[in-house]
Structures are given as C-alpha cells and as structure tokens.
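Counting from 1, one number per residue, gives the positions in the sequence shown under this note's numbering. A virtual CB, placed ideally from N, CA and C, is assigned to each residue, including glycine. Keep in mind that this is a model prediction, so the values were computed, not measured.
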Amino acid sequence: MQYVVANRVPVKAEYRAEFEERFRRRAGEVDKQPGFVRMEILRPVNDDGLYVVLTHWVDQAAFEAWMKSADFKTAHTNPLPKEAFGEGGGIERHEVIIHSEVSR
1 MQYVVANRVP
11 VKAEYRAEFE
21 ERFRRRAGEV
31 DKQPGFVRME
41 ILRPVNDDGL
51 YVVLTHWVDQ
61 AAFEAWMKSA
71 DFKTAHTNPL
81 PKEAFGEGGG
91 IERHEVIIHS
101 EVSR
C-alpha cells in the first residue's frame, strides 16, 4: 500500500515563480531516495489557492527515512522568507486504498 504525503503550501503571488523554480532546480534529487515512487507539484488555478506538493512512497518508513536524510536537509536549506507564505496549509499523510489509472 503506497504512502502519500500532501504538503499544502500557501505561497503569495509575488513569490510563486521563485517557489516553482526551487522545485525545478532540485528535480530528480528526491528520486534517488530508497522507497520513493513519484512527486507531483500542483499549482493552484485560483490566485488564493494553495500549492500541493504530493510525494508518493512505498511505505511510511521510506518517507520517514527521507525526512532524516542529508538530502532532506539540503532540500530545505535557505527557504523562501516567511513573508512569502500566507495563512493555512500544512502536511497531510495518507495511505492509498484505491488506485485507478489509464495508460496512454
């Protein structure tokens, strides 16, 4: 059963480009972690919406090992300033119980 972490991030409009660029620069780094399955960054369609960073892992232990890794520390070094973020957001953790996908 896959383990999915959804990090909901309220990024203010003037910081969105920089927020996205930071993920682009690190693209592929988390892929090297044992138990990593995939990552998706969802951009809000509405100006007041939240970004959602979804990471999929083979299990909770793989995610927790990544959080303790040097790569996690590197990925979270030099964050955007506090004023880049709005109210709300947070982390949600889920187990996948149903999965449906079409190959194209």
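Opening and closing residue of the alpha helix (DSSP H) in which residue i lies
{"i": "Ala75", "result": "Ala70 to Ala75"}
{"i": "Ala17", "result": "Arg16 to Arg26"}
{"i": "Ala65", "result": "Gln60 to Met67"}
Residue range of the beta strand (DSSP E) that includes residue i
{"i": "Arg38", "result": "Phe36 to Leu42"}
{"i": "Leu54", "result": "Tyr51 to Trp57"}
Beta-carbon gap between residue i and residue j smaller than 9 Å
{"i": "Val30", "j": "Gly89", "result": "no"}
{"i": "Val4", "j": "Glu64", "result": "no"}
{"i": "Val53", "j": "Ala84", "result": "no"}
{"i": "Arg38", "j": "Glu20", "result": "no"}
{"i": "Ile91", "j": "Met1", "result": "no"}
Exposure of residue i, with buried meaning 16 or more beta-carbon neighbours within 10 Å
{"i": "Val102", "result": "exposed"}
{"i": "Val11", "result": "buried"}
{"i": "Thr55", "result": "buried"}
Paired residues, beta bridge with residue i - DSSP
{"i": "Ile98", "result": "BP columns for Ile98 are empty, so no partner."}
{"i": "Leu80", "result": "DSSP output for Leu80 lists no bridge partner at all."}
{"i": "Val4", "result": "His56 and His94"}
{"i": "Val9", "result": "Tyr51"}
Min CB distance residue i to chain D below 9 Å
{"i": "Glu87", "result": "Absence of chain D from the displayed structure is noted, only one protein chain being present."}
Whole-number beta carbon distance between residue j and residue i, since they are thought to touch under 8 Å
{"i": "Asp59", "j": "Gln33", "result": "Their Cβ separation, rounded to whole angstroms, is 13 Å, which puts Asp59 and Gln33 out of contact at 8 Å."}
{"i": "Ala62", "j": "Phe36", "result": "7 Å"}
{"i": "Leu80", "j": "Glu18", "result": "6 Å"}
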